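A.B. asks: Could you have a look at this structure, given as structure tokens, before my questions?
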Amino acid sequence: MAVDTCEDNVSDRKFDIKELAELVDGEINGDFNLKISGFAPLETAVSGEISFLVKSAEADKLPACKGSAVIVPMDVEEGPVTLLRVENPYLAAAKIHSLLLEKPFVATGTHKMACVADSTVVPRQINMSAFVTIGERVTLGERITLEAGVVIGDDVEIGDDTVLKANVTIASGCRLGKRVIICPGCVIGSDGYGYATDNRGFHTKRPQVGVVQIDDDVEIGANSCVDRAAYGVTHIKSGVKIDNLVQVAHNVVVGENSLLVAQVGIAGSCRLGRNVVLGGQVGLADHVNLGDGVMAAAQSGIHNDQKPGVRLGGSPAIPIKQFMRAAIQYGKLPEMGQDLRKLKKNVAALQAEKEE
Amino acid sequence: MAVDTCEDNVSDRKFDIKELAELVDGEINGDFNLKISGFAPLETAVSGEISFLVKSAEADKLPACKGSAVIVPMDVEEGPVTLLRVENPYLAAAKIHSLLLEKPFVATGTHKMACVADSTVVPRQINMSAFVTIGERVTLGERITLEAGVVIGDDVEIGDDTVLKANVTIASGCRLGKRVIICPGCVIGSDGYGYATDNRGFHTKRPQVGVVQIDDDVEIGANSCVDRAAYGVTHIKSGVKIDNLVQVAHNVVVGENSLLVAQVGIAGSCRLGRNVVLGGQVGLADHVNLGDGVMAAAQSGIHNDQKPGVRLGGSPAIPIKQFMRAAIQYGKLPEMGQDLRKLKKNVAALQAEKEE
Amino acid sequence: MAVDTCEDNVSDRKFDIKELAELVDGEINGDFNLKISGFAPLETAVSGEISFLVKSAEADKLPACKGSAVIVPMDVEEGPVTLLRVENPYLAAAKIHSLLLEKPFVATGTHKMACVADSTVVPRQINMSAFVTIGERVTLGERITLEAGVVIGDDVEIGDDTVLKANVTIASGCRLGKRVIICPGCVIGSDGYGYATDNRGFHTKRPQVGVVQIDDDVEIGANSCVDRAAYGVTHIKSGVKIDNLVQVAHNVVVGENSLLVAQVGIAGSCRLGRNVVLGGQVGLADHVNLGDGVMAAAQSGIHNDQKPGVRLGGSPAIPIKQFMRAAIQYGKLPEMGQDLRKLKKNVAALQAEKEE
């Protein structure tokens, strides 16, 4: 049988359900002495495992569950298995699952086929794979993981517990905070796209002498790019989560806990507030400011500043409700055109009669 | 003179034209004893080479051809060179050209600057370049090619005759079939984009413990990304061809022989049937199901399930014919607006007169 | 204090302001004997540094400037600091800043952990980092920089002063000119996306035996892809600047000094003239020809040939002015629909009365 998981769902450690309840501020209804060793979906959970249920409407699935406990919303009060009742089952599941998978950092040290410049001090607590390259004067925190093929330029700073996955490039001078995850193939700190054009159409490169700063708890998906600033910093603030193949241009600021879904493109000098959410393939023109909590539907194109909390859709983007109504009408454009032609004819006829 | 080909068009091997005719189920009209050693476009072919003609309307180009034979559609019956008449010249040309370029696999073995974990057994029939990294317990088939900079995680399985080009990353636990081609810079098995958000707006990562399964004869273009499932598998079925810079999110299933053109983005848990064709930059919202043979024009945005064979365009996507008519009308919107204002005025005048 | 620059703004070399004036064809008003050692924005410049001002309307910022000189447009005639008056301050700033940052090439040679095939001759004047792989018969010019993780296939040609940044892949047979910059993660010369499909829906790969040719002074951004031609060349002509995550398909020709902004996608066999500008996320269908100087707004989708100088927007793309007016009207579609329904009713009523 093929096993479709890459990590052991059942760890060696066991957790008291009381400990888990405390972590997620939940209430236990059932066996208070239960030991939990794994996490699995409701359908596949076995003894010792905990599952979750997002909505009380799905509570009829509980009797079939073969796991030992289920995280449920508060309005599910009783069940055939031990319940862990919480405000937000989705969030509680993420926290408990993460805890169950947690493994202590085991330092493997620096691989003999890694290449570190002389002026860089490598701490003992590191996992540095083969074919990693580190430039001069790089500052490395504790418990950093550098997978194979990672390239780190001169004068980079990397905080504790940060993970750079395979084939990531961090160009010179960039700064990464703590617990940052950079997925394979990402490029952080490539030159911004800036040229000055003469009157014959030739382009001269504008030197890009700024850096990228990535704050704590940021995650950036595979093959995404964050360009260095022309001057100063391109700044990804704490808690931001960026999906795959996203482009963040020079001098952009992305506010705390914002979400950039796959293939988003943000042009130069945009400033995003906190908890902005940009759907897949959204594009921002340069110098656009988005207030806190702005949300844009997939494929939107945003050209103008937006106030906090605004929801957008379309290209050029308009308020999402207006966009959804306009989009429905768009499909009716051909018959609207016909109606208009007919009306014009009829009205002209009425006018002609009038004049007779 | 610059030579604009990277491979020898004229190989040492020669093929009987009868052998080629058999491969493509074609009929020879001309020299049955011809030996073919190469393939070239009609304009540049020389003696010993075979060319092709897609449409009989282009048969007037045949007299100028200096090659030895030409693959033609069945309705071209005679010509000034030897003809190989087939149902589908385009397909026959691809098959014959591929055969002519075919080279026996010559195992170069494992480069001394590659890095393979102890528990992985490397077969003799392998081409492993410098700076390749392979994790623990990886299962490798026969005649695999691993170009420089490839990084393979723990517990990966790779089938016979598969090629991983330069700087490809295959994360832990992923499974690749036979004759798979993964182009440079691809990332297979990066974590899916999944977070649970608390009421203060902080995001907790949901563990992504599934894998990616890629079946036989799949090809994936440069710098594309296929994310591992949250649970279970992200599944690319046999014969699928994916272009460059494509994003396939967690838990997506792509049906057999589907085509995903460059920069397509597919959100989480979508299910595509067989022979789906998505044009460049198409986006799919999460959990969308597309039936067999669905086709979407470039830049479409698909939000809803689609029945087999449907053709779509636009964002949000509508049936392609409706989209094409609406798109024409879109350009006329300003004058439609003017017409409407004028009509409203005229009708109001007519009504006013009436009431007088 | 965190320093937000990755390069020393103040170099050891000092330049006479007269020398700088000559470089940019400018006029000095002030101290003709000034020595300039660095470049900085108006707000942060200090003694010895030169700044710039794009528009004369901003001349009120000059008194606060603490730098030694400011590049200004011609219509600023006098100021509290030494002025360098030029036609195009933006361009002059780029040229002067570049000069000030210029460093002599210091050859570090070939790193002992690089891997070069026997038949390739490496010139002395090279910077080749660790974990670079170079194939057979590669031709290398003078003063080339190859960062870590670069992979170069067989028979590649690379001109003088070209820079391949970290983890770049150049596939076999491709040709790069002089002073080319390829940013991290780029893939040049991956196979074009070409298949022939049989009547059961199975795809046969069409061999892609052409190459990519990149002329002098081209820059290509991070993680972009330029595919090799099916036959002949995919050709990026001199002075073209390509941003990050751009896709250029097989057999495309991009004319001199064209600009392709991030996430642009160009399908097979398109031909772009000189100084074409494609905004972010623009898509081109295959075989489209764009005349010199065509400009397309971000997210446009271009399906038809375009005459020189045309400006476009929308998907499918239409002339930009028409698009901007249509886009405004688009948001009014719901009320247009309402108006139409009302008008139809009113006109029907008028007609009915008439017939009575």
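Just so you know, the protein sequences line up as chains Z, Y and F, in that order. For the first sequence, position 125 matches number 125 in my numbering, and the numbering has no gaps at all. Count along the second sequence from 1, add 1000, and you get the number used in my numbering. Count along the third sequence from 1, add 2000, and you get the number used in my numbering. Built from N, CA and C at the ideal position, the CB exists for glycine as well. Bear in mind the structure is a predicted one, so any value in this text is a computation, not a measurement.
Run through DSSP, which three-state label would residue 2072 of chain F get?
C.D. replies: Residue 2072 of chain F: strand per DSSP, three-state reduction.
A.B. asks: Specify whether the region 2231–2242 of chain F and the region 1125–1142 of chain Y touch according to this definition: at least 3 beta carbon pairs, one from each stretch, less than 8 Å apart.
C.D. replies: With the cut-off at 8 Å, the region 2231–2242 of chain F and the region 1125–1142 of chain Y do not touch.
A.B. asks: So with Cβ pairs under 8 Å, would you call residue 2069 of chain F a contact of chain Z?
C.D. replies: Not one chain Z Cβ lies under 8 Å of residue 2069 of chain F.
A.B. asks: Whose Cβ in chain F lies nearer than 7 Å to the Cβ of residue 346 of chain Z?
C.D. replies: Near residue 346 of chain Z (Cβ distances below 7 Å), the residues of chain F are 2347, 2351.
A.B. asks: Can you confirm whether the region 1236–1247 of chain Y touches the region 1258–1266 of chain Y when touching is taken to mean that 3 or more C-beta pairs between the two stretches lie within less than 8 Å?
C.D. replies: They touch, by the three-pair rule.
A.B. asks: Do you know offhand how far residue 2017 of chain F's Cα is from residue 2032 of chain F's?
C.D. replies: So the alpha carbons of these two residues sit roughly 7 Å apart.
A.B. asks: Could you give the C-beta distance for residue 2274 of chain F and residue 2257 of chain F, rounded to a whole number, given that I count them as a contact under 8 Å?
C.D. replies: Sure, about 6 Å apart at Cβ, within 8 Å.
A.B. asks: Would you please verify whether the beta carbon of residue 1207 of chain Y is less than 8 Å from any beta carbon of chain Z?
C.D. replies: Interface residue, yes.
A.B. asks: Do residue 2280 of chain F and residue 2298 of chain F count as a contact pair if the criterion is CB distance below 8 Å?
C.D. replies: Yes; because the gap between Cβ atoms is below 8 Å, this pair is in contact.
A.B. asks: Should residue 184 of chain Z be flagged as near chain F, meaning a C-beta pair shorter than 8 Å?
C.D. replies: Cβ-Cβ to chain F under 8 Å: no for residue 184 of chain Z.
A.B. asks: Look at the Cβ atom of residue 2226 of chain F, then the Cβ atom of residue 2175 of chain F, and state whether they are nearer than 8 Å.
C.D. replies: It is not a contact, given that the beta carbons lie outside the stated cut-off.
A.B. asks: I need the DSSP call for residue 2289 of chain F, collapsed to helix, strand or coil.
C.D. replies: In the structure shown, residue 2289 of chain F sits in a strand (DSSP, three-state: E or B).
A.B. asks: In terms of residues, what are the limits of the beta strand (DSSP E) holding residue 2213 of chain F?
C.D. replies: Its beta strand (DSSP E) spans residues 2211–2214.
A.B. asks: In whole angstroms, what is the alpha-carbon distance linking residue 2013 of chain F and residue 2100 of chain F?
C.D. replies: Rounded to whole angstroms, residue 2013 of chain F to residue 2100 of chain F spans 8 Å at the Cα level.
A.B. asks: Which bits of chain Y does residue 2115 of chain F rub up against, with CB to CB less than 9 Å?
C.D. replies: Under the 9 Å cutoff, chain Y gives 1111, 1113, 1129, 1130, 1131, 1148.
A.B. asks: Nearest to residue 2206 of chain F by CA position, among F:2194, F:2214, F:2216, is which residue?
C.D. replies: That would be F:2194, whose Cα lies nearest to the Cα of residue 2206 of chain F.
A.B. asks: Taking DSSP as the reference, what is the three-state secondary structure of residue 2043 of chain F?
C.D. replies: Residue state, collapsed to three classes: coil.
A.B. asks: Here's the rule I'm using: 16 or more other beta-carbon atoms within 10 Å means buried, otherwise exposed. How should residue 1073 of chain Y be labelled?
C.D. replies: By the 10 Å Cβ count, residue 1073 of chain Y comes out buried.
A.B. asks: Starting from the beta carbon of residue 339 of chain Z, find every residue of chain C whose beta carbon is closer than 7 Å, and list them in chain order.
C.D. replies: Here chain C cannot be found, since the structure's protein chains are Z, Y and F.
A.B. asks: Does the pairing of the region 2329–2337 of chain F with the region 1333–1341 of chain Y give three or more beta-carbon distances under 8 Å?
C.D. replies: These segments touch.
A.B. asks: Write down every uninterrupted run of the alpha helix (DSSP H) in the region 68–155 of chain Z whose length is 4 residues or greater and which is fully enclosed by it, in chain order.
C.D. replies: You should have 89–101.
A.B. asks: Taking 8 Å as the threshold (beta carbon to beta carbon), is residue 370 of chain Z in contact with chain Y?
C.D. replies: Beyond the ends of chain Z as shown, which are 1 and 356, falls residue 370 of chain Z; an answer cannot be given.
A.B. asks: Using the rule of at least 16 other Cβ atoms within 10 Å of the residue's Cβ for burial, across every protein chain shown, is residue 77 of chain Z buried or exposed?
C.D. replies: With fewer than 16 other Cβ atoms within 10 Å, it is exposed.
A.B. asks: For chain Z, find out if any of its Cβ atoms is closer than 8 Å to the Cβ of residue 2239 of chain F; answer yes or no.
C.D. replies: Chain Z, which has a Cβ nearer than 8 Å to the Cβ of residue 2239 of chain F, makes this yes.
A.B. asks: Just tell me which of Y:1157, Y:1088, Y:1300, Y:1320 has its CA closest to the CA of residue 1056 of chain Y.
C.D. replies: The option with the nearest alpha carbon to residue 1056 of chain Y is Y:1088.
A.B. asks: At least one CB of chain Y closer than 8 Å to the CB of residue 2118 of chain F: is that the case?
C.D. replies: So, not an interface residue.
A.B. asks: On the criterion of 16 or more Cβ atoms from any shown chain inside 10 Å, does residue 1124 of chain Y qualify as buried, or is it exposed?
C.D. replies: Exposed, because fewer than 16 other Cβ atoms sit within 10 Å of the Cβ of residue 1124 of chain Y.
A.B. asks: Have a look at residue 2053 of chain F and residue 120 of chain Z and give me their C-alpha separation to the nearest angstrom.
C.D. replies: Cα to Cα, residue 2053 of chain F sits roughly 39 Å from residue 120 of chain Z.
A.B. asks: Just list the residues that DSSP pairs residue 49 of chain Z with in beta bridges.
C.D. replies: Z:38, per the DSSP bridge assignment.
A.B. asks: Would a check of beta-carbon distances place residue 1270 of chain Y closer than 8 Å to chain Z?
C.D. replies: Chain Z, which has no Cβ nearer than 8 Å to the Cβ of residue 1270 of chain Y, makes this no.
A.B. asks: Mapping the DSSP letters down to three states, classify residue 1284 of chain Y as helix, strand or coil.
C.D. replies: Strand.
A.B. asks: Could one say the Cβ of residue 2163 of chain F lies closer than 8 Å to chain Z's Cβ atoms, at least one of them?
C.D. replies: Answer no: the Cβ-Cβ gap between residue 2163 of chain F and chain Z never drops below 8 Å.
A.B. asks: Compare the C-alpha of residue 2222 of chain F against each of Z:24, Z:217, Z:228, Z:308 and name the closest.
C.D. replies: Among Z:24, Z:217, Z:228, Z:308, the Cα nearest to that of residue 2222 of chain F belongs to Z:228.
A.B. asks: Identify every run of the beta strand (DSSP E) within the region 1197–1270 of chain Y, keeping only runs that are complete inside it and at least 3 residues long; order them along the chain.
C.D. replies: You should have 1203–1205, 1211–1214, 1225–1227, 1233–1236.
A.B. asks: Shorter than 7 Å, the distance from the beta carbon of residue 258 of chain Z to the closest heavy atom of the ligand SAM, or not?
C.D. replies: For the structure depicted, the ligand SAM is absent and the ligand set is empty, with no information on it obtainable.
A.B. asks: Taking residue 2346 of chain F as part of the alpha helix (DSSP H), name the residues at either end of that continuous run.
C.D. replies: Residues 2333–2355.
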